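Reviewing the structure listed below.
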Amino acid sequence: MPLPRLLAEINKRVFNPRQLKNDKWVVLTHRGRSSGTDYQTPLEAFRDGDSYLFILMYGTESDWVKNVMASGHAKLRDKSGEVVGLESPRLVAEAEFWTRIPADTKPPAGFMNVHDFLEMEIAA
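Position in the sequence shown (first residue = 1) + 45 = the working numbering.
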């Protein structure tokens, strides 16, 4: 099981709003699958050719993951401020993920039990 849902809720309500102002993270804009509201989520992302890869720290049950899987698209603002459209989300096997990101990337600590990863293609 990935990190606890309670921690995800705390991050979403307390820390994420602060991190949106920090250029350390990319910002993913996605539409709520029920509400239709646009949300912004700060994340770490890895560019690999025409795709971006994401570590799903809270697993596939995170609202942002459910939203992009349901809609099939999102927008990503990178650290330089450039905005790109993303589409075609798909879950990626752990072994594939680690071969496609920079070799010096440290995996989450083992106790976090993180094994879910997502890829989205840059929209044409």
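The beta carbon of each residue, even a glycine, is placed where N, CA and C say it ideally should be. Just so we're clear, the structure is a prediction, and the values are computed from it rather than from any experiment.
Met-114: first and last residue of the uninterrupted alpha helix (DSSP H) it sits in: Start and end: 108–116.
Could you check how far apart the C-beta atoms of His-160 and Glu-139 are, in whole angstroms? I think they sit under 8 Å. About 5 Å separates the two Cβ atoms, so the contact holds.
For Met-165, which residues in the same chain have their Cβ closer than 6 Å to its Cβ, ignoring the five residues on either side in sequence? Same-chain partners within the cutoff: Tyr-97, Leu-131 and Pro-134.
Let me know if Leu-101 comes out buried or exposed under the rule of 16 or more other beta-carbons within 10 Å of its beta-carbon. Classification of Leu-101: buried, given that the 10 Å Cβ count is 16 or more.
According to the neighbour-count rule (16 or more other Cβ atoms, all chains shown, within 10 Å of its Cβ), is Ala-90 buried or exposed? Flag for Ala-90 reads buried.
Who are the near neighbours of Leu-73 in its chain, counting only those whose CB is closer than 6 Å to its CB and skipping five residues on each side? Sequence-distant Cβ neighbours of Leu-73 in its own chain, meaning closer than 6 Å and more than five residues away, are Thr-86, Leu-88, Ala-119 and Leu-121.
What are the start and end residues of the beta strand (DSSP E) that includes Thr-86? Counting along the chain, the beta strand (DSSP E) containing Thr-86 begins and ends at 83–88.
Do Val-71 and Asp-149 count as a contact pair if the criterion is CB distance below 8 Å? Cβ distance not < 8 Å, so Asp-149 and Val-71 don't count as in contact.
Express the C-alpha separation of Thr-82 and His-75 in angstroms, rounding to a whole number. Spanning the two alpha carbons is a distance of roughly 8 Å.
What residue range does the beta strand (DSSP E) around Glu-132 cover? Element bounds for Glu-132: 128–137.
Length of the line joining the Cα atoms of Asn-112 and Leu-163: For the pair Asn-112 and Leu-163, the Cα-to-Cα distance works out to about 13 Å.
With 16 other Cβ atoms within 10 Å as the buried cut-off, status of Ser-79: It counts as exposed.
In this structure, does DSSP put Thr-150 in helix, strand or coil? Collapsing the DSSP output to three states places Thr-150 in coil.
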